[in-house]
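Just below is one structure, and these are the notes that go with it.
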Amino acid sequence: MTAQIIDGKALADELRQSFKARVEALAARGQRPGLVVILVGEDPASQVYVKNKVNGCLAIGMHSEKITYDAAVDQATVLKKIAELNADPAIHGILVQLPLPKHFDEEAVLEAIAADKDVDGFHAENVGALAQGNPRFIPCTPYGVMKMFEQGKVDLSGKEAVVIGRSNIVGKPMALLLINAGATVTVCNSRTKDLAGHTRRADILVAAVGKPKFVTADMVKPGAVVIDVGINRLPDGKLCGDVDFVGCREVAGQITPVPGGVGPMTITMLLANTIEAAERKAGIR
Ligand code: GUN
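Mind the numbering: the sequence shown is residues 1 to 285 in my numbering, read in order.
Put into structure tokens, the structure is as follows:
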């Protein structure tokens, strides 16, 4: 049987439409939600992501601006800008696009962002709150995946969940969210011994490993929910996920495509976090 496709693009569009009323309600109180995205360097993929983040905000009536620095900028300059933005009442969310150039101390930069404007959810305070099961800002990609489970009425309680990938951006927070939802969670990586032995037990399989078509049909339990977080560019210029979609959709029960799956949900949840930051400030939440 062919798997049901989880349409992230459609869900993202629906959510973004629903955000417009919240944005206007905030604007009426003088708190139009504002997001600043900081980009250091000229990484082409980061440039596209940052443009999409800013445009995503503008499309629903939010304020957004991009601040760009040459790759050689010193960290102190970026930290000074973050301090200014922390104090700016018109800005509710601050995002520093990762990765940063090698001479940066990434942790120091992320910790410099005020925790109540950390719409990425990467500040240690926010990571700690998530680990304790009391999240304030949930990192956008795993947050988007949780929304997809919600929409697909995927019951996570008691299920075997396997996450491939252990990054701070996706793998670790994804595992925490699944734990908080009552799943039995295994976190693997590309070097896990007998990886297929783990993945074949998974009712829920999340691939966030950054390797094209890494998950093949023989690794998937029949009927499993397969979530593909990967965005890989093939030599022919086409995008492809971490999952061999054509093979796996014949085994899985539900599966996300690339493009049109998790990708559009990531920016949607960034908008959600920024709106929520503004609502907290306005005393609505
Ligand atoms: N680089 C890749 N994904 C992300 C993300 O979700 N947030 C930031 N800040 N940088 C990223």
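Positions of the beta carbon are idealized from the N, C-alpha and C atoms, including for glycine. Small disclaimer: the values here were computed from a predicted structure and weren't measured.
Report whether the distance from the Cβ of Asp228 to the nearest heavy atom of the ligand GUN is below 7 Å.
Walking along the sequence shown from the start, residue 228 turns up at place 228. For the ligand GUN, not one heavy atom lies less than 7 Å from the Cβ of Asp228.
Counting C-beta neighbours from all protein chains within 10 Å, is the total for Lys51 16 or more, i.e. buried, or is it exposed?
The residue you call residue 51 lines up with position 51 of the sequence shown. Answer is exposed; the Cβ neighbour count stays below 16.
Using C-beta distances below 8 Å, list every residue in its chain close to Lys211, excluding the 5 sequence neighbours before and after it, in chain order.
For the purposes of this step, residue 211 is identified with residue 211 of the sequence shown, where counting begins at 1. Here the set comprises Ser190, Gly230, Asn232 and Asp242.
Indicate the three-state DSSP secondary structure (helix, strand or coil) for Val226 in the structure shown.
Within the sequence shown, numbered from 1, the residue matching residue 226 stands at position 226. DSSP places Val226 in strand when its eight states are reduced to three.
Using 8 Å as the cut-off, can you tell me whether the segment 66-80 makes contact with the segment 253-264, which would need three or more C-beta pairs spanning the two stretches below that distance?
no
Span of the beta strand (DSSP E) around Ile164
Locating residue 164 in the sequence shown gives position 164, counting from the first residue. Its beta strand (DSSP E) spans residues Glu160 to Ile164.
Our contact map puts Gly93 next to Lys117 with C-beta atoms below 8 Å; I'd like the distance itself, whole angstroms only.
Counting from 1 along the sequence shown, the entry for residue 93 is found at position 93. Counting from 1 along the sequence shown, the entry for residue 117 is found at position 117. The Cβ separation is near 6 Å, so the contact holds.
DSSP bridge partner residues for Leu15 (one or two, in chain order)
Start at 1 with the first residue of the sequence shown, and residue 15 comes out as number 15. Answer is none; Leu15 lacks a bridge partner.
Please name the residue, chosen from Ala161, Lys147 and Ser157, that lies closest to Thr268 on a Cα-to-Cα basis.
What you label residue 268 is simply residue 268 of the sequence shown in a count that begins at 1. Cα-wise, what sits closest to Thr268 is Lys147.
Expected contact under 8 Å - CB spacing of Gly61 and Val23 to nearest Å
Taking the first residue of the sequence shown as position 1, residue 61 is located at position 61. Taking the first residue of the sequence shown as position 1, residue 23 is located at position 23. The pair is a contact, with the Cβ atoms about 5 Å apart (cut-off 8 Å).
The segment 20-36 contacting the segment 155-166, beta-carbon criterion three pairs below 8 Å:
no
Where the alpha helix (DSSP H) through Ala76 begins and ends
Reading the sequence shown from its first residue, position 76 is the one you call residue 76. Going by DSSP, Ala76 is part of the alpha helix (DSSP H) stretching over Gln75 to Asn86.
Just to check, is the beta-carbon of Asp120 closer than 7 Å to a non-hydrogen atom of the ligand GUN?
To locate residue 120, count along the sequence shown from 1; it is residue 120. Asp120: yes, Cβ under 7 Å from the ligand GUN.
With burial defined as no fewer than 16 other Cβ atoms inside 10 Å of the residue's Cβ, what is the status of Asn134: buried or exposed?
Position 134 of the sequence shown holds residue 134. Exposed, by the Cβ-count rule.
How about Thr266 and Cys188: are their beta carbons less than 8 Å apart?
Indexing the sequence shown from 1 puts residue 266 at position 266. Indexing the sequence shown from 1 puts residue 188 at position 188. No.
What residues in its chain sit with their C-beta under 6 Å from that of Met295, if we drop five residues either side in the sequence?
Not covered by the structure: residue 295. The range shown for the chain is 1 to 285.
Top-ranked residue by Cα proximity to Met219, from Asp194, Val37, Cys240 and Pro235:
Residue mapping note: residue 219 aligns to position 219 of the sequence shown, counting from 1. Closest option to Met219, Cα to Cα, is Asp194.
Of the listed residues Ala3, Glu14 and Ile5, nearest to Leu271 (C-alpha basis)
Along the sequence shown, one-based indexing puts residue 271 at 271. It is Glu14.
Given a cut-off of 8 Å, decide if Pro101 and Val40 are closer than it, judged by their beta-carbon atoms.
Sequence index remark: in the sequence shown, residue 40 carries index 40 (1-based). Sequence index remark: in the sequence shown, residue 101 carries index 101 (1-based). Against a cut-off of 8 Å, the Cβ pair of Pro101 and Val40 comes out as a contact.
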